[in-house]
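In what follows, a structure is listed as structure tokens, so that the remarks can point back to it.
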Amino acid sequence: GAVVSQHPSRVICKSGTSVKIECRSLDFQATTMFWYRQFPKKSLMLMATSNEGSKATYEQGVEKDKFLINHASLTLSTLTVTSAHPEDSSFYICSARDDGDTQYFGPGTRLTVL
Amino acid sequence: SQKIEQNSEALNIQEGKTATLTCNYTNYSPAYLQWYRQDPGRGPVFLLLIRENEKEKRKERLKVTFDTTLKQSLFHITASQPADSATYLCAPSYGQNFVFGPGTRLSVLP
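Chains as they are written, first to last, in the numbering used here: chain W, 27 to 140; chain X, 59 to 168.
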């Protein structure tokens, strides 16, 4: 089956620093990738949709200058949390979709900002 | 705006019984609906997709129904096992993406 990886799985950083999270589709080409955020005991909230080679589309309320998304190839998308603050601490999950309807999710990245 | 509800936040059942989870949506008509399983600290895992023109879909011990009149999908796990304990998310399609429900945390008791 389709496999999506994320790196790192956990990251702890100081307030004010930037953190980059990678999302890779390992055995298929992802025309579209998605980034979600999930708070404890809550459902996934879509942050942005990115198509390879074009700018990401952000959901309402998501600051595009704070959450930088790059989708430079059909197998890699990155999310950079800039000038992170404690309120950015969360579980970030990416997903990738090929030409079908199903999204395949990565294992998630736990971000803790001190 | 669209709204997704799942019948209960948590559901406890006895091993061997059938678990039935409910997903209701309002204010729109999704072209398809997916069900995912999520374990703590992990990303969701795809289980089943059912389209609006399909009434029922099965996969091993799993069965999903889709009633576009009631705007409801039911997710059944037959002969449930403790290993089925997890949070189950329904996700009706919305445009090129889909919207996740809040999830139901299922506990199968031995």
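All C-beta atoms in this analysis are idealised placements derived from N, C-alpha and C, irrespective of residue type, glycine included.
Remember, it's a predicted structure, so these values are computed and weren't measured experimentally.
Can you name the residues of chain X whose CB is closer than 8 angstroms to the CB of residue i?
i, result
"W/GLY79", "Those do not exist, as W/GLY79 stays about 16 angstroms from chain X at its closest Cβ, beyond 8 angstroms."
"W/PRO133", "ARG100, GLY101"
With a Cβ-Cβ cutoff of 7 angstroms, do residue i and residue j count as a contact?
i, j, result
"W/VAL30", "W/TYR118", "no"
"W/THR108", "W/ASN96", "no"
"X/LEU107", "W/THR128", "yes"
"X/VAL157", "X/GLN64", "no"
"X/GLY101", "W/PRO133", "yes"
"W/SER121", "W/PHE60", "yes"
"W/ILE38", "W/THR135", "no"
"X/LEU132", "X/THR80", "yes"
"W/HIS16", "W/VAL88", "Residue 16 of chain W is absent from the structure shown; chain W starts at 27 and stops at 140."
"W/THR101", "W/SER51", "yes"
"W/SER115", "W/ARG63", "no"
"X/GLU110", "X/ALA89", "yes"
Going along chain X, which residues have a C-beta under 7 angstroms from residue i?
i, result
"W/SER116", "In chain order: nothing, as chain X lies at least about 13 angstroms away."
"W/SER69", "LEU147, PHE158, GLY159, PRO160, GLY161"
"W/TYR130", "PHE104"
"W/ILE119", "GLY101"
"W/PHE60", "ASN155"
"W/LEU72", "ASN155"
Who does residue i pair with in a DSSP beta bridge?
i, result
"W/VAL30", "W/SER51"
"X/ALA77", "X/ILE135"
"W/ARG36", "W/ARG136"
"X/PHE158", "Answer by DSSP bridge pairing: none, since X/PHE158 is not bridged."
"W/ARG123", "W/THR58, W/GLN129"
"W/SER116", "W/LEU137"
"X/ARG95", "X/VAL103, X/TYR146"
"W/SER44", "Paired residue(s): none; W/SER44 is not in a bridge."
For the ligand NAP, is there any heavy atom lying closer than 6 angstroms to the beta carbon of residue i?
i, result
"X/GLN92", "Of ligands this structure carries none, so the ligand NAP is not represented either."
Applying a beta-carbon distance threshold of less than 7 angstroms, which residues of chain W neighbour residue i?
i, result
"X/GLN130", "Neighbours of X/GLN130 on chain W: none; closest Cβ ~18 angstroms, over 7 angstroms."
"X/TYR90", "ASP127"
Interface residues of chain W around residue i at Cβ under 9 angstroms?
i, result
"X/TYR83", "Those do not exist, as X/TYR83 stays about 13 angstroms from chain W at its closest Cβ, beyond 9 angstroms."
So which residues of chain X does residue i contact, with C-beta pairs closer than 9 angstroms?
i, result
"W/THR75", "GLN154, ASN155"
Starting from residue i, find everything on chain W with Cβ-Cβ shorter than 8 angstroms and list it in chain order.
i, result
"X/LEU107", "ASP127, THR128"
Can you confirm whether the segment 67 to 87 of chain X touches the segment 72 to 79 of chain W when touching is taken to mean that 3 or more C-beta pairs between the two stretches lie within less than 8 angstroms? Taking a cut-off of 8 angstroms on C-beta distances, the segment 72 to 79 of chain W does not touch the segment 67 to 87 of chain X, as fewer than three cross pairs fall below it.
Entirely enclosed alpha helix (DSSP H) segments - the segment 55 to 98 of chain W, minimum 4 residues: None, since the segment 55 to 98 of chain W contains no complete alpha helix (DSSP H) of that length.
Would the segment 124 to 139 of chain X and the segment 148 to 167 of chain X be scored as touching if the rule is three or more Cβ pairs under 8 angstroms? yes
Entirely within the segment 107 to 138 of chain X and at least 3 residues each: give me those beta strand (DSSP E) ranges in chain order. DSSP assignment within the segment 107 to 138 of chain X yields the following whole beta strand (DSSP E) runs of 3 residues or more, N-terminal first: 114 to 117, 120 to 125, 130 to 135.
Assess, as a yes-or-no matter, whether the segment 85 to 99 of chain X is touched by the segment 119 to 135 of chain X under the definition of 3 or more beta carbon pairs within less than 8 angstroms. yes
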